[in-house]
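**Q**
Number of protein chains: 2
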Amino acid sequence: MAKKNAFYAQSGGVTAVINASACGVIETARKNKDKMGKVYAGRNGIIGALTEDLIDTTKESAKSIAALRYTPSGAFGSCRYKLKGLEQNKREYERLIEVFEAHNIGYFFYNGGGDSADTCHKVSQISEAMGYPIQAIHVPKTVDNDLPITDNCPGFGSVAKYVAVSIREAAFDVASMAKTSTKIFVLEVMGRHAGWIAAAGGLAAEKDGDAPHIILFPEVQFDEAKFLAKVDNSVKKYGYCALVVSEGVRNKEGQFLAEAGGKDAFGHAQLGGVAPVIAELIKSNLGYKYHWAVADYLQRAARHIASKTDVEQAYAVGKAAVQFALKGKNAVMPAIVRKSSKPYKWAIGEADLSKVANVEKFMPENFITKDGFHITQKCREYLEPLIRGEDYPPYKNGLPQYVTLKNEAVKKKLKTFTI
Amino acid sequence: MAKKNAFYAQSGGVTAVINASACGVIETARKNKDKMGKVYAGRNGIIGALTEDLIDTTKESAKSIAALRYTPSGAFGSCRYKLKGLEQNKREYERLIEVFEAHNIGYFFYNGGGDSADTCHKVSQISEAMGYPIQAIHVPKTVDNDLPITDNCPGFGSVAKYVAVSIREAAFDVASMAKTSTKIFVLEVMGRHAGWIAAAGGLAAEKDGDAPHIILFPEVQFDEAKFLAKVDNSVKKYGYCALVVSEGVRNKEGQFLAEAGGKDAFGHAQLGGVAPVIAELIKSNLGYKYHWAVADYLQRAARHIASKTDVEQAYAVGKAAVQFALKGKNAVMPAIVRKSSKPYKWAIGEADLSKVANVEKFMPENFITKDGFHITQKCREYLEPLIRGEDYPPYKNGLPQYVTLKNEAVKKKLKTFTI
Numbered sequence: 004m005a006k007k008n009a010f011y012a013q014s015g016g017v018t019a020v021i022n023a024s025a026c027g028v029i030e031t032a033r034k035n036k037d038k039m040g041k042v043y044a045g046r047n048g049i050i051g052a053l054t055e056d057l058i059d060t061t062k063e064s065a066k067s068i069a070a071l072r073y074t075p076s077g078a079f080g081s082c083r084y085k086l087k088g089l090e091q092n093k094r095e096y097e098r099l100i101e102v103f104e105a106h107n108i109g110y111f112f113y114n115g116g117g118d119s120a121d122t123c124h125k126v127s128q129i130s131e132a133m134g135y136p137i138q139a140i141h142v143p144k145t146v147d148n149d150l151p152i153t154d155n156c157p158g159f160g161s162v163a164k165y166v167a168v169s170i171r172e173a174a175f176d177v178a179s180m181a182k183t184s185t186k187i188f189v190l191e192v193m194g195r196h197a198g199w200i201a202a203a204g205g206l207a208a209e210k211d212g213d214a215p216h217i218i219l220f221p222e223v224q225f226d227e228a229k230f231l232a233k234v235d236n237s238v239k240k241y242g243y244c245a246l247v248v249s250e251g252v253r254n255k256e257g258q259f260l261a262e263a264g265g266k267d268a269f270g271h272a273q274l275g276g277v278a279p280v281i282a283e284l285i286k287s288n289l290g291y292k293y294h295w296a297v298a299d300y301l302q303r304a305a306r307h308i309a310s311k312t313d314v315e316q317a318y319a320v321g322k323a324a325v326q327f328a329l330k331g332k333n334a335v336m337p338a339i340v341r342k343s344s345k346p347y348k349w350a351i352g353e354a355d356l357s358k359v360a361n362v363e364k365f366m367p368e369n370f371i372t373k374d375g376f377h378i379t380q381k382c383r384e385y386l387e388p389l390i391r392g393e394d395y396p397p398y399k400n401g402l403p404q405y406v407t408l409k410n411e412a413v414k415k416k417l418k419t420f421t422i
Numbered sequence: 004m005a006k007k008n009a010f011y012a013q014s015g016g017v018t019a020v021i022n023a024s025a026c027g028v029i030e031t032a033r034k035n036k037d038k039m040g041k042v043y044a045g046r047n048g049i050i051g052a053l054t055e056d057l058i059d060t061t062k063e064s065a066k067s068i069a070a071l072r073y074t075p076s077g078a079f080g081s082c083r084y085k086l087k088g089l090e091q092n093k094r095e096y097e098r099l100i101e102v103f104e105a106h107n108i109g110y111f112f113y114n115g116g117g118d119s120a121d122t123c124h125k126v127s128q129i130s131e132a133m134g135y136p137i138q139a140i141h142v143p144k145t146v147d148n149d150l151p152i153t154d155n156c157p158g159f160g161s162v163a164k165y166v167a168v169s170i171r172e173a174a175f176d177v178a179s180m181a182k183t184s185t186k187i188f189v190l191e192v193m194g195r196h197a198g199w200i201a202a203a204g205g206l207a208a209e210k211d212g213d214a215p216h217i218i219l220f221p222e223v224q225f226d227e228a229k230f231l232a233k234v235d236n237s238v239k240k241y242g243y244c245a246l247v248v249s250e251g252v253r254n255k256e257g258q259f260l261a262e263a264g265g266k267d268a269f270g271h272a273q274l275g276g277v278a279p280v281i282a283e284l285i286k287s288n289l290g291y292k293y294h295w296a297v298a299d300y301l302q303r304a305a306r307h308i309a310s311k312t313d314v315e316q317a318y319a320v321g322k323a324a325v326q327f328a329l330k331g332k333n334a335v336m337p338a339i340v341r342k343s344s345k346p347y348k349w350a351i352g353e354a355d356l357s358k359v360a361n362v363e364k365f366m367p368e369n370f371i372t373k374d375g376f377h378i379t380q381k382c383r384e385y386l387e388p389l390i391r392g393e394d395y396p397p398y399k400n401g402l403p404q405y406v407t408l409k410n411e412a413v414k415k416k417l418k419t420f421t422i
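Keeping their order, the protein sequence lines are chains A and B. Here our numbering is used: the first residue of the first sequence is 4, the next is one more, and so on. Here our numbering is used: the first residue of the second sequence is 4, the next is one more, and so on.
1. So which residues of chain A does I308/B contact, with C-beta pairs closer than 8 angstroms?
2. Apart from the five residues on each side of it in sequence, which residues of its chain come closer than 7 angstroms, Cβ to Cβ, to T421/A?
3. Assign K239/B to buried or exposed, taking buried as 16 or more other Cβ atoms, counted over all protein chains shown, within 10 Å of its Cβ.
4. Could you tell me which of E172/A, V359/A, T312/A, V325/A sits nearest to S344/A, measuring between CA atoms?
5. Do M336/B and V314/B have their C-beta atoms within less than 8 angstroms of each other?
6. Name the chain B residues that come within less than 8 angstroms of I50/A, Cβ to Cβ?
7. Can you list the beta strand (DSSP E) stretches of 3 or more residues lying completely in the segment 278-346 of chain A, in chain order?
8. Using DSSP with H/G/I as helix, E/B as strand and the rest coil, what is H124/B?
9. DSSP state of V413/B, grouped into three classes?
10. How many Å lie between V277/B and A139/B at the Cα?
11. To the nearest angstrom, how far is the alpha carbon of I21/A from that of I58/B?
12. Could you list which residues in chain A have their beta carbon closer than 9 angstroms to that of P403/B, in chain order?
13. What's the C-alpha gap between V168/A and I68/A?
14. Quick check: is the beta carbon of R83/B nearer than 8 angstroms to any beta carbon in chain A?
15. Where does E209/A land, buried or exposed, given buried means 16+ other C-beta within 10 angstroms?
16. Which first and last residues belong to the alpha helix (DSSP H) in which D235/B is found?
17. W349/B bridges to which residues according to DSSP?
18. Taking G80/A as the reference, which of P157/A, N8/A, T18/A, R306/A has the closest Cα?
19. To the nearest angstrom, report how far apart G401/A and V166/B are at their CA atoms.
20. Using a C-beta to C-beta distance shorter than 7 angstroms, which residues of chain A count as neighbours of K332/B?
21. Find the nearest neighbour of C82/B within the set E368/A, S184/A, L386/A, judged by alpha-carbon distance.
22. My assumption, with CB atoms under 8 angstroms, is that P221/A sits in contact with R171/A. Please give the rounded CB distance.
23. When DSSP labels each residue in this structure, what does R391/B get in the three-state scheme?
24. As a quick exercise: from F103/A, R94/A, P215/A, M193/A, pick the residue whose alpha carbon is nearest that of I187/A.
25. Can you tell which of E101/A, P136/A, C156/A has the C-alpha that lies nearest to the C-alpha of A120/A?
26. Between Q91/B and I129/B, what straight-line distance do the alpha-carbon atoms span, to the nearest angstrom?
27. Evaluate contact between the segment 40-59 of chain B and the segment 174-182 of chain B, counting only Cβ atoms and requiring at least three cross-stretch pairs below 8 angstroms.
28. Under the three-state reduction of DSSP, which class applies to Y430/B: helix, strand or coil?
29. Just checking: is the beta-carbon of R72/B within a distance shorter than 8 angstroms of some beta-carbon in chain A?
30. Tell me, which residues are paired with D114/B by DSSP?
31. Determine, using beta carbons only, whether F188/B comes closer than 8 angstroms to chain A.
32. Return no unless some Cβ of chain A is closer than 8 angstroms to the Cβ of N47/B.
33. Whole angstroms are fine: how far does the CA of I217/B sit from the CA of E435/B?
34. Would you call the segment 145-160 of chain B in contact with the segment 29-39 of chain B, where contact means no fewer than 3 C-beta pairs closer than 8 angstroms?
35. If I measure Cβ to Cβ from L86/B and keep anything under 8 angstroms in the same chain, skipping five residues before and after, which residues do I get?
36. Select from the segment 361-388 of chain A all residues with a C-beta closer than 7 angstroms to any C-beta belonging to chain B, and list them in chain order.
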């Protein structure tokens, strides 16, 4: 059988290290040129496959591909586009197969979170049903750290490190200012459903009195009175209070606090995130001067402070995906398996996509302290290795030198398809 | 004459490198033990002098003092406390002299911005008037970069680097997502009066199409129609638009945009900063999906990504302050003198405090492009050397190892003073 080409696409919110996975896929494919053909990337994720907008990665130099390892974001473009179920949307799945067939693609590498694991699984099913052989391998990626089976998700460790470093630095600042000025600092971080990212902020608190003093998790219902007492206690005891707040914190009614804050004069929902709501709540009840920050994309794009562990794992799952494909595997995902925490040892294992798709992993209960405001020692032991190590990008004139690829299109062979 | 002790205090908002100046002062004083006595630091800035709450820095190990070079924030505490004029507030100036006399202090090193330069100047005047000799040396520090005479201010270069790196990273992220999702990213940065910090974001735009596409300066009156056209043009041309917005942007009426946004349901002023106001303005007029971030203290505390140039200059002004004192100088400030931009060469010069106090340096007109939305080549040439070089702190278990000093108090000799 003639060797088949591969298709690779990035899906959903990008991370500081998803390109390291791309680098792992492409470099490993290039090392196996005798067995695997070209790697085509989908421009803007799966949309590139549907619209036959493929990028020929063989046009990129070895140097450019190597630079993906230290370049944040999605080098080929990503998208938020979830394919519906096979029954409702056979047309799109059939189109994928049509495109794959037209370009002699036999490997489908899909780099994303839970939704893309599901899509990947469905592609392997439709391939079987339609009789066109596709090996579908999912490459895990999500800052939310909510994929099952894998011990952690590439992308998470770097956000975790960014948040832990940032709250430590900002708290040092607030501690300096607290005597006459700011006593409260609120850092809002990502996490609509799971508190993994907020939890990572807790790593900065290595000994009593260290910031953050309070973490608010989406998993813990917000109790205003208990919260305010805790803030006040921190200010009285340490002179200030530094908080990491997950964007997904909800009140008793189940509403996001960020949205429960009210409307502005024009009837718009409160524009700010949850950080200003929490800060103002403290001010109006306790009178303390505050500052707040919303990290937003900065946290997941912060390749300059990426975790070395995370970069290595992101590369490893990309590499393993190609190796799995060459071994004939299908409908699987390389998973990170923790062998031990002290010393930290990990290896690449294999997860069935049927067990990954549509399962969300939340923080275990014993990772959150009983009062609901911090992480436990058990959680620290889990998180700490994931932020370990620095892996600095190269700099020129004070700025990190990230690569922008040429992204040359493969000539189309099919009719236009409307999505 | 018996050798005199020195007093050192940190003033106003702290920075990523103000402790590097403290390190320069203390290490240089220690090297000149034959000529200069102990360095006492004010706990929480000048308040420590007024309340006779002095920290004995000789109790700190050489290793701890060396660690100040890479520790952000103010290690002795800072304060926002401006001494009034000599006439209105003779009581406080006299108290300073009283404390200095009680502790045999002959050198006053005040590390801060414009206000503290003014205080420092007044201390030298009152010393003369009261006949107790004090050499008052101001050590420049401000992220706002608004001190006159000195080419730039220690603390600014590191914020500048943080902002330039952050907008580059976030823009890479947005570019990946723009096809189906976020097209607008707004980063709010500090700068109530001067646009230096926002301008630094412009360094990330090295070639056509690079982010940021738009910078909003406090110096440029906000023109909504022109602004929206520029945003729309950027999205149509590049697929997305990344913006750096100074917190101090004002509308035609001279109001801060952040405050002109309206009130919420409880009658509070809009809680968010200017970033969400700008983002929502774009959404409601052009329909583009947005994300925004407010860096707040993260930007000025970000020692993990400090500029090497900035760290070196912060240390150098601290060192020079002690050298000036030992040369018998008074009412002066070490200033950074630019010898050339290409290659970048600088030296330490000397500025009269009478010329520094109460003078604010704004962005020159020829640093902002004619349309008001970006920086000129001239501005790039000025800014670029200031962010050059990386100077990473040491890490342990994934986190930067910043020092917390013992800060042991000097025994009080005087009666309590109420401020």
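C-beta: ideal position from N, C-alpha, C; glycine also.
**A** By the coordinates alone:
1. H307, I308
2. none
3. exposed
4. T312/A
5. no
6. K182, T183
7. 293-297, 335-344
8. helix
9. coil
10. 39 angstroms
11. 48 angstroms
12. V168, R171, E172
13. 29 angstroms
14. yes
15. exposed
16. 227-241
17. R341/B
18. T18/A
19. 12 angstroms
20. None at all; the shortest Cβ gap to chain A is about 28 angstroms.
21. S184/A
22. That pair is no contact at about 23 angstroms.
23. coil
24. P215/A
25. C156/A
26. 13 angstroms
27. no
28. Outside the shown range of chain B (4 to 422) lies residue 430/B, about which nothing can therefore be said.
29. no
30. Reading the sequence as shown, one finds Asn at residue 114/B and not Asp. N114/B pairs with Q13/B, V142/B.
31. yes
32. yes
33. Residue 435/B lies beyond the stretch modelled for chain B, which goes from 4 to 422, so this question has no answer here.
34. no
35. I49, N92, E95, Y96, T122, K125
36. E387
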